[in-house]
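Undergrad:
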Amino acid sequence: MTVAGGRFAAGHVGELTRIVPFEMVDAVLAETRRVQSRVRDLPSRVVVYLLLAAGLFAELGYGQVWARMIAGLDAAGSPGLPMPSASALSQARRRVGSAPLRALFDLLRGPATGPATAGVWWRGRLVCAIDGTQMCVPDSPANLTVYRRGGTYHGATGYPMLRLAALVCCGTRTLLDAVFASDRTSEACLVTDLLTAMRPGMIVLADRNFGYTPMITAVASTGAQLLFRVRNNTRLPVLQQLDDNSFLSRMGTIPVRVVRVEITTTTSGGARRERYTLVCTICDPTCPALDLARLYHQRWEIETAFFELKSTILGGRVLRARTPDGIAQEVYALLVTYQALRIAIADAVIAHPHVDPDRASFTIALNTARARLTNADGVTHDAGAATLDLTGSIGRRVLAALLPARRHRTGPRVVKRAISNYTVKTATGRVRGPSRAYTIEINTIPPDSP
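The sequence shown begins at 4 in the numbering used here and counts up by one.
(1) Nearest CA to the CA of residue 290: which residue from 260, 335 and 150?
(2) Apart from the five residues on each side of it in sequence, which residues of its chain come closer than 7 Å, Cβ to Cβ, to residue 353?
(3) Going by Cα to Cα distance, which pick from 367, 308, 381 and 361 is closest to residue 174?
(4) Could you spell out the range, first to last residue, of the alpha helix (DSSP H) harbouring residue 381?
(5) Could you pull out every residue in the same chain whose Cβ sits closer than 6 Å to the Cβ of residue 102, ignoring the five residues on either side in sequence?
(6) Given 8 Å as the limit, is there contact between the segment 7-18 and the segment 375-384, that is, 3 or more CB pairs closer than that?
(7) Can you list, in chain order, the stretches of the alpha helix (DSSP H) that have 4 or more residues and sit fully within the segment 174-253?
(8) Is the number of C-beta pairs between the segment 209-228 and the segment 244-260 that are closer than 8 Å three or more?
(9) Measure the C-alpha to C-alpha separation of residue 167 and residue 56 and round it to an integer number of angstroms.
(10) DSSP on residue 336, reduced to helix/strand/coil?
(11) Check this for me: beta carbons of residue 306 and residue 448, under 8 Å apart or not?
(12) Could you tell me the alpha carbon to alpha carbon distance between residue 542 and residue 444, rounded to whole angstroms?
(13) Starting from residue 26, follow the alpha helix (DSSP H) in both directions and report where the run begins and ends.
(14) What separation, rounded to the nearest whole angstrom, lies between the Cα atoms of residue 188 and residue 211?
(15) Return helix, strand or coil for residue 113, following the three-state DSSP convention.
(16) Please report the distance separating the alpha-carbon of residue 326 from that of residue 96.
(17) Which one of 184, 196, 229 and 193 has the shortest CA to CA distance from residue 205?
(18) How big is the Cα-Cα spacing for residue 356 and residue 270?
(19) Can you tell which of 108, 216 and 53 has its C-alpha closest to the C-alpha of residue 343?
(20) Would you please state the rounded distance, in angstroms, between the beta carbons of residue 182 and residue 196? I believe it to be under 8 Å.
(21) Go ahead and pull the three-state DSSP assignment for residue 437.
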């Protein structure tokens, strides 16, 4: 095993340290002026790795996370490893703050893909999606000054809520950018802070929550193409009808192509029909309308990314920090940890162009990273190796247990949690049948259809 020396030895996240190396952490600490003035038991670099390791072990307190960081070092007989108290760990986290974690996220965010990676590109454009989600924070007096409890007339949530918005690469589920604030800030306001991450060469997908003229105008001004769902009753003048039943229109000053489709899902339990209205800035008639309708399905990849962050990593738990500054530090640490895992997966499949990254199991990658951290394995590359091992143990485990090709979702979206104060959504009137026996039919609708 190869780790840092002396009091820096405990600073690592196992094999993920190759993606977040010592030099990178030292650079962001220097840039944000958070380097320790004297080297004590908890140097700043070690504290940063402690925060990242806590993202891998969300169910543990910082003291237990520290025990796992030094477990492999103890087994190797490394002398002089400190056992800091809970108070010492708390003071060290406050001393480092959130700025180095934010700088780390800025260095790591990106698509993490190759030009031939399967399932990432559509007609030469990087497929991305925007959306928002919410996370619970502790209801301490300090947090309640910034965050508030959510809810409606049905009742309030038990914890204050944080709203997170992200721009995600659909093929690799990596984060291109992410911002967060109190849930007092709407998703639409947060998404405006993501516009700087959009650029020509992208096509951005979004649901009907963002399908209004100012947002479409803002996204189109970045040079990125867009494919948004809008409400079916949106007034869209027919300027020119195309042969595939789509038509050219305009939203504000932006020329758009409108695709109206009816999606019929038939299972052994019956059939369900739903109409979608999509607007796209790709007005080329040689691009079939049905291809755009099928592409919109990729928007669900951002929902899977949120699930991996909130359920697979956090396990549905409330965040730890009891102050707003601590919340910012913890969220950025979670984003860096998530991105590092996704980069490890992308590195594994980049040499296998036929493998779609969404077939890689995020759970296997997470559990392998936890084991490698506990054993302090793979912290640095073997200097004597003839070739650089980009795949690593995480990649090999993922490639050995690829998930089957993606199936269409047929389960209805329902609220199952008994603790929810909201009106329960049931599956009544929704089609649900065996996933191995169903058909999906997509038909375009002429603009003059009622």
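No residue lacks a Cβ here, since even glycine has one placed at the ideal position from N, Cα and C. Note that the coordinates shown come from a computational prediction; the quantities given were computed from them, not determined experimentally.
TA: This is what the structure holds:
(1) 260
(2) 117 and 120
(3) 361
(4) Run containing residue 381: none; DSSP gives neither H nor E here.
(5) 35
(6) These segments touch.
(7) Complete alpha helix (DSSP H) runs here, min 4: 190-195 and 216-223.
(8) yes
(9) Each residue's alpha carbon lies about 21 Å from the other.
(10) helix
(11) no
(12) With the chain running from 4 to 453 in the structure shown, residue 542 is simply not present.
(13) Looking at the DSSP string, the run of the alpha helix (DSSP H) that includes residue 26 is 25-34.
(14) 18 Å
(15) coil
(16) 12 Å
(17) Nearest of 184, 196, 229 and 193 to residue 205, Cα basis: 229.
(18) Distance between the alpha carbons of residue 356 and residue 270 is about 34 Å.
(19) 108
(20) By a beta-carbon distance limit of 8 Å, residue 182 contacts residue 196. Their separation comes to about 5 Å.
(21) At residue 437 the pLDDT is 49, less than 50, meaning the model places this residue with poor confidence; the figure from the coordinates comes in the next sentence. Note: residue 437 maps to coil in three-state DSSP.
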